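Chains as they are written, first to last, in the working numbering: chain A, 1 to 476; chain B, 1 to 476; chain C, 1 to 476; chain D, 1 to 476.
Here's the structure, in structure tokens; my notes come after.
Number of protein chains: 4
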Amino acid sequence: MKLDLAIRNAQVATSSGVFSGDIGIFSGQIVQLGIVGPAATEVDATGLIVTPGGVDTHCHLDEVMPGLTHEAESFDTGGRSALAGGTTSAISFIRQIPDHDMADVVAESMRRALRSRIDYSFHMTITDPTPEILAELPPLVAKGMRSLKVFLTYDISRLDDGAFLDVLVAARKSGAMVAVHCENYHAIGWLTEKLLAAGLTTPKYHSWSRPKVVEREATYRAICLAELVDTPIQIFHVSCAEVAEEIARAQARGLKVWGETCPQYLLLTEDDMDRPDGAGFMCSPSPRTKADHEEMWDMIRRGVIDVISSDHSASNLTGVHGKDAAGPDASFRDIPNGVPGVGARMPLVFSEGVIKGRITLDHFVRLTATNPAKLYGLAPKKGDIVIGADADLVLWDPTREVVLDNTLMQHAVDYTPYDGIKVTGWPVATYLRGVRAMQDNNVLMPEGGGQFVPRAPYSLAAPRGIVPNGFVAADI
Amino acid sequence: MKLDLAIRNAQVATSSGVFSGDIGIFSGQIVQLGIVGPAATEVDATGLIVTPGGVDTHCHLDEVMPGLTHEAESFDTGGRSALAGGTTSAISFIRQIPDHDMADVVAESMRRALRSRIDYSFHMTITDPTPEILAELPPLVAKGMRSLKVFLTYDISRLDDGAFLDVLVAARKSGAMVAVHCENYHAIGWLTEKLLAAGLTTPKYHSWSRPKVVEREATYRAICLAELVDTPIQIFHVSCAEVAEEIARAQARGLKVWGETCPQYLLLTEDDMDRPDGAGFMCSPSPRTKADHEEMWDMIRRGVIDVISSDHSASNLTGVHGKDAAGPDASFRDIPNGVPGVGARMPLVFSEGVIKGRITLDHFVRLTATNPAKLYGLAPKKGDIVIGADADLVLWDPTREVVLDNTLMQHAVDYTPYDGIKVTGWPVATYLRGVRAMQDNNVLMPEGGGQFVPRAPYSLAAPRGIVPNGFVAADI
Amino acid sequence: MKLDLAIRNAQVATSSGVFSGDIGIFSGQIVQLGIVGPAATEVDATGLIVTPGGVDTHCHLDEVMPGLTHEAESFDTGGRSALAGGTTSAISFIRQIPDHDMADVVAESMRRALRSRIDYSFHMTITDPTPEILAELPPLVAKGMRSLKVFLTYDISRLDDGAFLDVLVAARKSGAMVAVHCENYHAIGWLTEKLLAAGLTTPKYHSWSRPKVVEREATYRAICLAELVDTPIQIFHVSCAEVAEEIARAQARGLKVWGETCPQYLLLTEDDMDRPDGAGFMCSPSPRTKADHEEMWDMIRRGVIDVISSDHSASNLTGVHGKDAAGPDASFRDIPNGVPGVGARMPLVFSEGVIKGRITLDHFVRLTATNPAKLYGLAPKKGDIVIGADADLVLWDPTREVVLDNTLMQHAVDYTPYDGIKVTGWPVATYLRGVRAMQDNNVLMPEGGGQFVPRAPYSLAAPRGIVPNGFVAADI
Amino acid sequence: MKLDLAIRNAQVATSSGVFSGDIGIFSGQIVQLGIVGPAATEVDATGLIVTPGGVDTHCHLDEVMPGLTHEAESFDTGGRSALAGGTTSAISFIRQIPDHDMADVVAESMRRALRSRIDYSFHMTITDPTPEILAELPPLVAKGMRSLKVFLTYDISRLDDGAFLDVLVAARKSGAMVAVHCENYHAIGWLTEKLLAAGLTTPKYHSWSRPKVVEREATYRAICLAELVDTPIQIFHVSCAEVAEEIARAQARGLKVWGETCPQYLLLTEDDMDRPDGAGFMCSPSPRTKADHEEMWDMIRRGVIDVISSDHSASNLTGVHGKDAAGPDASFRDIPNGVPGVGARMPLVFSEGVIKGRITLDHFVRLTATNPAKLYGLAPKKGDIVIGADADLVLWDPTREVVLDNTLMQHAVDYTPYDGIKVTGWPVATYLRGVRAMQDNNVLMPEGGGQFVPRAPYSLAAPRGIVPNGFVAADI
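Spelled out as structure tokens, the structure:
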């Protein structure tokens, strides 16, 4: 057998360690490791580190919005940014649209994703779990979209606790797990009213409107409700250690609860929102302080937080749908939330984590690729450099120093909150299923080069989990 | 000065210990302790223990309901039961009534309470904190009703978290504290729907509809919201140790959070609801198991739970407003909640606690009188045998064995859930402000003998409490 | 009956609260409270606070040392200081002397204590629990000395864990409890060797030689061993919150473990040892930092630490047995440990605690008088203002501002580490069993005015305590 | 390149997951994974699972004892048992011998190990850290033996805390880590005396002599001392969850502390010691109860315990050095401790863990091979199936049911405590560095086929660890 591609003489970083050698690819898959045979295409990776392609399981790309309109960031542009930054798979969102069948939104989302430059799947965001919508879920989960997303906050999307239980049970019965945005809806609304009434309207008060305790409360609540019906959940975008500590307590009790964080909680602070361009740093939960960053790294080392994704959100700083659309005197309530990061994620975690000695190289691989892929069912095709996996690979120059700017991000958004940050280590080439997709900042993968990745159901028989209170409410 | 009354040769149990001697009363107050002077009335208490009159800070008496109708238990009958059982003061509830000013309900409640045989005050239950209602609170608190009550569950009374914050802030600003019924409204509703749909409708499923985790969740949430605005709260009727543990964690952090339990969580079990008369044991939160009883005694010894009140609720077993009113096949959802206990509380805690060696006699005094009086501002007039306090006293025969039945309870309710339980130790006489109010099970205090007890504002300067997150949301 | 003494119109602070009124004393006891009858001696306490006389359960007075020599501080001088500072009872130590029967040391100690100006008892310090010594204990405990003291550190006094278990079991069997000095002997020795070898010899390195972790370790160990044989213990002189937290964990499990601290851990810091007179601040455990002070106040408010005593130790700064006896270049290892504080304790805790709003007045009473008296069996004669108690009373002017200096201390030691500290609130008179013992800084009680206070055995039936591991090792 | 050996069509279980494919071996190493090239020797593993060879980092083989005599189990016989049970590497012990240089014992141990059938290294057990011995350590660690072992109990080997600190610092300075046997020496001695005095002498009282609390105490102490000098430690043979919980607390604080358990704590109970052959189940710490087994599996799933080794100890039931050597009426104190298990370990954990659904297959690999290899520096040569690793492989028939007996164990010991236990899953072949070492229970590897594995120093720069108390005592 002649290989299609051989990457030779690399430092190959997998989820379990690092070896020196070659990677052999045939038909898009890793079929040989070690000393590999002759290949149609030979790549010499001497001096480079090869990691699995990044898996970003929290990424808003081309999300269908009411009216079926587009977000600013398409699978095309977002995928370009992903590849530039060493990410080869992402899970975007299919959000329930009022007065539409879920199947229709799925169809539209799948249609849009045909332009994708990276591989993809979707979480299905449920904002109103009517019996009709819930009835639609099992076949959609069976098609491979075995994760649901719920919001416990935001006017237009939040579920009350009963509706959340409906979604948890639907997930349990169809073999899905549930990702949760945890902040207390009413408390944030209440604080926001108080702040605005007091004339405290600038972006920095966004942070005041959602202090840690409102995130911690909702996290604890989500865990309780998931425990009640014995459904696995991931807490999205944990911003600080006191929230992570509640996850740790749940894990210690044997509950199937996991925690994710994002680069914005490791690099940005609430003070950034007090800058002239402060709106560009607004996201929810709010960034905290430098002390919180270090505490979050502790939680990452402890394993309480085991996924770092981007929560890439495509709000421009300026323009029609931009953060300034409501005018210069708009209150923080009227400024769109979210920061872009699909391109910046991998270099930031590599530099802040591995280069600065906070984590090992294999831990980096687990945080950015293996763990998200395993948790959300993209494994074993995605997330690691192992036999049978897709040949999604990133070649890093670990010594390259780069100052981030928006050009390097290659996304559609008009800024990056990480502008000016210097990183050490840079992805010099990205391969998707054995195809060279990026080289030296040039994205080579065309629109439509990405594929949908179906995902098998979550196994409730996984060896973790307790039955609370003697009966499982979901089985009534 | 000649005393009005001298109780001599007693074992006097106070909140801090026990001494042998006399109590001298003048003008309704304790004015002398020790060897006291001559008195118009002499009582020899040789062989008896004297404790402070019980203070029951959670007692539904003559609560004004929509239509301004009565509950079954009036201040007359409830006061009779209280005195029979050694309780001399109670805090009942003034519940907000739709389309009525709070002041009107206060007036009606005060009018009804004129019949009271015991001293009394009121918590004001807020079920819809409109600006108008909140504006009414400061003068009412200033009049002496410095505690508010909220429900986080029940269709007709529950507050969402924003409304709860409104009440917490109103309490903080007016010098009140807040008592909270903590169960997750939506989760209970959701579970109830599931149970009824599955045909699981008998009283025992009341317990299934509200497992521990829904109580624990709401407790944690109440604590978070109280922390956010730095308002002191008491968690009502804690049913089990896993809930109390969350209170312990809050106390360890320095938060002003206290926990109450009731005899039903120390003596009754969920299995009682599976008896033919199971409806008579339904209350919320649900009674748990015998193992939970012992764990709750541990929490009492630790001091995490420092008040035992009755949550006396006046639902008859039979009759127009009785637990059977909805018919023999009614589901648990349609059966009124609550158990009577104002008369049984003191003998039960004396016997189960002191006689069985679980607590000391002074701890009994603190749990049933001193702590509730201090926490809710009835002290220093109520709750202890100290100079200047009201001469509210109970004479106990510590060797007397009594089998409880409903006749002994002397309340208006047609049953007691503690029927058949044998206690050791019995109140043989009760004095209210120096007046003999009960002797040998005969209640002597007439209707109207009780008085309103105004209560001074809660002091936020009390040496407990932290400021979370760097700012106090209530002060925005 | 005509009273011997009436103190009128006071604010009387007891362990459970404060009342306005009189205290009537007859034959040295409190026999009336409230409005009291005529008395041979009348004292008007208008504007003053009256508290119980301080009970200092950790006080090295006239301790018999090998050779039966004296410590610098006698019951005479130490008692004078105590009375000046509002303390009326103390527990000193009877330390086992090699080659002497315990009974002989007891006799010598009792003989010396005949000079005492305050009431007293003794802990028996066991440094070598031979069978002979252990056999001596039951009758001595039965005579009223029902507490033992052990050291887990110091060359001349430390017990290994087996010997400690011997003492614990002897205590259990004779009805005593055990006070423990918890620091890791070997670790301190090891660190000291390292420090001296590195030339780090000045007093500040005393603190380096015994960091928190060595105190925490020994505390945890003492708790484990006490749990093994189910014996109640008090941890002496807890210096910081991380140690107290281990006590809190034990208490939460129901173990009979209590914690004491001293003013030196609330006011002094390790930096004080870096002053020119740094030796004067050396004690063990070491003072920590200002941040630790506040954390200790939190632990006091939580109730984890419920006794504040002085650990008064009589090392002069200068002179034959002084801290400078080993010469100006002596290493910290050769400088005697311990700071004086029997006189300063009450004013310091009053000012730092009550006046600064950290604790309430009744909490002050509990910490400095009631709790130590109860724990060590001096109650109900000592520690509170209740009927039947000894008339040990302190009259405080709560507004008086005083700058501490050694003259005010009136002890034999040649300095006070609290020199220059300003306090608000000052004891203006002290009564011991109804006798005026101090007035306006003049100690009136003569040598020999104090009495021995026998103490009843500790009751193992007290409602606290668990049996670990299914069997009680002490009962084998 | 022609491979030496190809194992084809296997389910290859690595530390990070499972893939289907081949393993290609050249010169004893894994050089190809996936579809591999032609090989001199072809093995068809269809239907079999291939795991890494077991790494048993706690195994007493041919340990040199005073007099330089042998233990019953040699590297020959122990290695035979290891290979039969799927283990290819072990770390045995080089124990300091009084009046011998460590280098001499090392030389003798290395000489004996020349007979080994498996690869091996040594922990150096320090029983008396004299300056001379400590001075010997750096070159020996540099030779590859970078782990030290200490006992906190046993008359002949225990270290006091100062000596333990000496070893910890020596480890830190030479790049070793330290394994610790944690039980409280004095408490066990004290309990043993009490039990023997009470006539409680049979093997079951071995368990009474060392209850959980004495193991927990010593574990906490070991952690404190390691924290003091910032040295990484592994707690050997954790027997129960309350001990593991202390490890969890340390890990949560960021300390470099790990926990090991053994099959005896997952399968044997204290009741086994009450059988007629009870002596055969005696080991230290003592086996606990069935409930403890499940709690330990929880701790394994949580990751608190991340290594399962055997603590293989070679005491025969009968014979000169047997457990019965002291006669039929010998007390438990005189019966040798320890149970054999090097052969049983892998099948027991496979069956109880993977087959019973308690852990996943990759978790099995980590527990029995990867984690011990990484922690003790055998990685990356040992412990996983990755490129560049030694071709140490086990072929499992996952459906084979086997009832364990001593013949199957193939060790020199005359019994197995696991006799009669049925397992599902059995190693049908074992390869060591590409050489077939066992096939169908026949051990093919000759004496001397094993090799010494040098191990690189422990890196203190590993991203875990805090500096306690502001200074690192080891650096004074």
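Ideal Cβ positions, reconstructed from N, Cα and C, are used throughout, including at glycine.
Bear in mind the structure is a predicted one, so any value in this text is a computation, not a measurement.
Is residue i near residue j, with beta carbons less than 8 Å apart?
i: Val394 (chain A); j: Lys422 (chain A); result: no
i: Pro417 (chain C); j: Val339 (chain C); result: yes
i: Met177 (chain D); j: Gln251 (chain D); result: no
i: Pro398 (chain A); j: Gly85 (chain A); result: no
i: Arg95 (chain A); j: Thr125 (chain A); result: yes
i: Ala179 (chain D); j: Phe122 (chain D); result: no
i: Ala142 (chain A); j: Tyr120 (chain A); result: no
Consult DSSP for residue i and reduce its assignment to one of helix, strand or coil.
i: Lys149 (chain C); result: strand
i: Pro468 (chain B); result: Note that Pro468 (chain B) scores 45 on pLDDT, short of 50, meaning its location in the model is unreliable and no value can be drawn from it.
i: Thr399 (chain C); result: strand
i: Val428 (chain C); result: strand
i: Leu196 (chain D); result: helix
i: Ile335 (chain D); result: coil
i: Ala456 (chain D); result: coil
Can you name the residues of chain A whose CB is closer than 9 Å to the CB of residue i?
i: Phe471 (chain B); result: Trp208 and Pro211
List the residues of chain B that residue i touches, going by C-beta distances under 8 Å, in chain order.
i: Ala252 (chain C); result: Ala248 and Arg302
i: Ile308 (chain C); result: Under the 8 Å cutoff, chain B gives no residues; its nearest Cβ is about 15 Å from Ile308 (chain C).
Applying a beta-carbon distance threshold of less than 9 Å, which residues of chain D neighbour residue i?
i: Pro380 (chain A); result: Gly17, Val18 and Phe19
i: Thr51 (chain A); result: The contacting residues do not exist; Thr51 (chain A) stays about 14 Å from chain D at best.
Cβ of residue i versus every heavy atom of the ligand GDP: is any distance shorter than 7 Å?
i: Pro454 (chain B); result: In the structure shown, the ligand GDP is absent, as is every other ligand, since no ligand is present at all.
Against residue i, what residues of chain C qualify as contacts under a CB-to-CB distance less than 7 Å, listed in chain order?
i: Asp292 (chain B); result: Near Asp292 (chain B) there are no residues of chain C at all, since even the closest Cβ is about 16 Å away, more than 7 Å.
i: Leu165 (chain D); result: Ala187 and Trp190
i: Met1 (chain B); result: Ile35
Can you list the residues of chain B that residue i reaches, using a CB-CB cut of under 7 Å?
i: Asp160 (chain A); result: His186
Would you mind telling me which residues of chain A sit closer than 7 Å to residue i, beta carbon to beta carbon, in chain order?
i: Ala198 (chain B); result: Ile476
> Quick one: complete beta strand (DSSP E) runs, 3+ long, within the region 32 to 94 of chain D?
Replying inline: Taken in chain order, the complete beta strand (DSSP E) segments of 3 or more residues contained in the region 32 to 94 of chain D are 39 to 44, 49 to 52 and 54 to 56.
>> Restricting to runs no shorter than 4 residues, where is the alpha helix (DSSP H) found entirely within the region 111 to 193 of chain D?
In response: Whole alpha helix (DSSP H) segments, 4+ residues: 131 to 142 and 161 to 174.
>> Restricting to runs no shorter than 4 residues, where is the alpha helix (DSSP H) found entirely within the region 217 to 290 of chain C?
In response: Within the region 217 to 290 of chain C, the complete alpha helix (DSSP H) runs of at least 4 residues are 241 to 252 and 264 to 267.
> Using Cβ-Cβ distances below 8 Å, what residues of the region 212 to 227 of chain B are close to chain A?
Replying inline: Of all residues in the region 212 to 227 of chain B, Lys212, Val213, Val214, Arg216, Glu217, Tyr220, Arg221, Cys224, Leu225 and Glu227 have a Cβ within less than 8 Å of some Cβ in chain A.
>> Residues of the region 27 to 39 of chain D in Cβ contact with chain A at a cutoff of 8 Å, in chain order, please.
In response: Answer in chain order: Ile30, Val31, Gln32, Leu33, Gly34, Ile35, Val36 and Gly37.
>> Could you tell me which whole alpha helix (DSSP H) segments of length 4 or greater appear in the region 312 to 377 of chain A?
In response: Runs found: 345 to 349, 361 to 365 and 371 to 375.
> Of the residues that make up the region 398 to 409 of chain D, which ones have a beta carbon closer than 7 Å to any beta carbon in chain G?
Replying inline: Included in the structure are the protein chains A, B, C and D, with no chain G among them.
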